[in-house]
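Student:
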Amino acid sequence: MTHSSRRTLVIAATVSVLGTVTPARSQTVEDSAAGDANGVGDARGALRPGATGKPIKALPCRPTIACTAEIVPGGAIELESGYLGRRARGDGGITHTEQSLLKVSLTDWLQLQSLSNYVWLRRPHEGSRYLDGITNGAKLVLAEQSATMPALSISGLFGMPTSSSPLREVSTYDTYGWAYASKDFGFVDADLNAGLDLLNLGGAVEFQPIVALSVSEDVGAGFGVLEELYAYDNLTRQRLDDGGFLFGVTYSPIDELVIDLGGDVGFAPSQRQGSAFLGFTYVDHHLVARR
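Residue numbers for the sequence shown follow my numbering, beginning at 14 and rising by one.
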């Protein structure tokens with residue numbers, strides 16, 4: 014499990030995936046019938062408004078690397094969970110990961126985030142199980158999307174080890190700083206993320222810049238498709254740590270739920286041949302309604 018795979022969730026990941034499976038739009042209840050990249054708010058009716066007047070809909074960060082610049086309304090709790098399987102280059106070992114991300118919006122512009130991965134590492138002649146640390150932080154919305162300008166936000170997170178595993182990737186303290194920009198272009202939604210991770214704090218610190226661009230499109234009836242390009246560099250070792258092309262299909266039967274399924278093809282010198290993922294995102298609007 015590499016540092017880059019730990020970030021695959023989110024992070025805001027955060028990770029959490031650099032475009033998200035749902036659009037990052039500053040959408041009113043009246044215009045929600047126009048639809049979005051997951052079909053949320055299409056012919057099924059307008060999005061449910063929250064206590065603060067903002068619409069309630071799920072905004073996933075995983076499985077993509079890039080996240081939307083927007084957050085759910087203040088008072089809402091959002092949970093993301095899913096499975097990620099990766100086949101490594103070389104020995105062909107498979108890493109099975111259960112990913113979880115909890116997001117709590119204190120206001121319409123400030124959100125707390127906590128994430129972790131439970132990992133089952135399976136190699137040809139050995140295997141191990143461990144919790145890939147706990148990462149906590151916050152996301153701050155700087156500007157909402159307008160007709161001409163994208164939504165903008167930033168986030169900062171701190172990762173702490175929870176395992177005594179000899180694997181270096183799960184036994185270090187790390188920090189993650191990210192910036193997000195999201196813009197809608199009709200039924201196409203784009204999310205651009207850039208970040209800098211500081212890995213192995215207290216030791217030989219490594220600097221890992223990351224960039225990711227995700228594009229999602231509405232195909233009707235609650236379905237959507239997404240594509241993403243991303244790359245992890247390593248300034249300390251002067252090499253490209255990881256990169257790839259991610260693709261998937263999303264389905265949103267209700268505004269508060271998004272289900273996703275897809276894959277990820279790693280670019281050389283990626284540490285894996287490819288990945289497959291399946292997961293969901295759910296936001297509890299009842300908490301908002303009780304405010």
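For each residue, glycine too, the CB sits at the ideal point set by N, CA and C.
1. In whole angstroms, what is the alpha-carbon distance linking Glu241 and Asp231?
2. With three or more C-beta pairs closer than 8 Å as the rule, is the segment 183-198 touching the segment 112-121?
3. Measuring CA to CA, which of Met162, Leu214, Gly95, Asn247 is closest to Phe171?
4. Inspect the CB distances between the segment 70-81 and the segment 218-232 and report whether three or more fall short of 8 Å.
5. By the three-class DSSP mapping on this structure, what secondary structure does Leu142 have?
6. Let me know if Gly58 comes out buried or exposed under the rule of 16 or more other beta-carbons within 10 Å of its beta-carbon.
7. Rounding to the nearest angstrom, what Cα-Cα distance links Glu157 and Ser141 in this structure?
8. Alpha carbon to alpha carbon, how far is Ile107 from Ser161? Give it in angstroms, no decimals.
9. Could you name each continuous beta strand (DSSP E) segment of 3 residues or more that falls completely within the segment 90-130, going from the start of the chain to the end?
10. Tell whether a beta-carbon distance below 8 Å holds between Val132 and Thr148.
11. Using only alpha-carbon positions, find the residue among Tyr243, Asn247, Phe293 that is nearest to Thr263.
12. Of all the options Glu269, Ala101, Leu165, Leu259, which has the alpha carbon lying nearest to the alpha carbon of Gly275?
13. Would you mind giving the Cβ-Cβ distance between Pro86 and Asp121, rounded to the nearest angstrom? I have them listed as a contact below 8 Å.
14. Could you check which residue in Glu269, Leu155, Ala164, Asn206 has the C-alpha nearest to that of Tyr295?
15. Just grab the DSSP bridge partners of Asp187 for me.
16. Could you tell me the alpha carbon to alpha carbon distance between Ala234 and Val201, rounded to whole angstroms?
17. Measuring alpha carbon to alpha carbon, tell me which residue in Gln126, Thr81, Arg99, Gly98 is nearest Glu91.
18. With DSSP as the reference, label Ala47 as helix, strand or coil.
19. For Asn149, write down the residues that DSSP places opposite it in a beta bridge.
20. Identify which residue in Gly95, Ser195, Glu93, Phe220 has its Cα closest to the Cα of Tyr245.
21. Using the C-alpha atoms, what's the distance from Gln286 back to Tyr143?
22. I need the straight-line Cα distance from Tyr243 to Pro222, nearest angstrom please.
23. Residue range of the beta strand (DSSP E) that Leu214 falls in?
24. Among the residues of its own chain, which have a CB less than 6 Å from the CB of Leu209, if the five just before and after it don't count?
25. Can you tell me whether Ser159 is buried or exposed, with buried defined as 16 or more other CB within 10 angstroms of its CB?
26. Suppose the cutoff is 6 Å on Cβ atoms and the five residues either side in sequence are ignored; what does the same chain contact list for Ala207 look like?
27. Taking the alpha-carbon of Glu83 as reference, which of Ser113, Gly146, Asn130, Val154 has the nearest alpha-carbon?
28. List the endpoints of the continuous beta strand (DSSP E) containing Ile84.
29. Hey, how far is the Cα of Ser195 from the Cα of Thr81?
30. What residue does the beta strand (DSSP E) around Gly233 start on, and which one ends it?
Tutor: Here's the rundown:
1. 15 Å
2. no
3. Leu214
4. yes
5. Checking the displayed sequence, the identity of residue 142 turns out to be Arg instead of Leu. If DSSP states are grouped into helix, strand and coil, Arg142 belongs with the strands.
6. For Gly58, the predicted model reports a pLDDT of 39, less than 50, meaning its position is unreliable; a value from the coordinates is still stated below. Exposed, by the Cβ-count rule.
7. 44 Å
8. The question names Ser, but residue 161 in the sequence shown is Thr. Computed Cα separation, rounded: 45 Å.
9. 90-101, 107-118
10. no
11. Phe293
12. Leu259
13. 6 Å
14. Glu269
15. Gly172
16. 16 Å
17. Gln126
18. Below a pLDDT of 50, predicted positions are generally treated as unreliable, and Ala47, at 31, falls in that range; the measurement from the model is reported next regardless. DSSP places Ala47 in helix when its eight states are reduced to three.
19. Ser127, Phe171
20. Phe220
21. 22 Å
22. 11 Å
23. 201-214
24. Gly190, Pro222
25. exposed
26. Ala192, Val224
27. Val154
28. Looking at the DSSP string, Ile84 is not in any beta strand (DSSP E), and its letter there is neither H nor E.
29. 6 Å
30. 219-233
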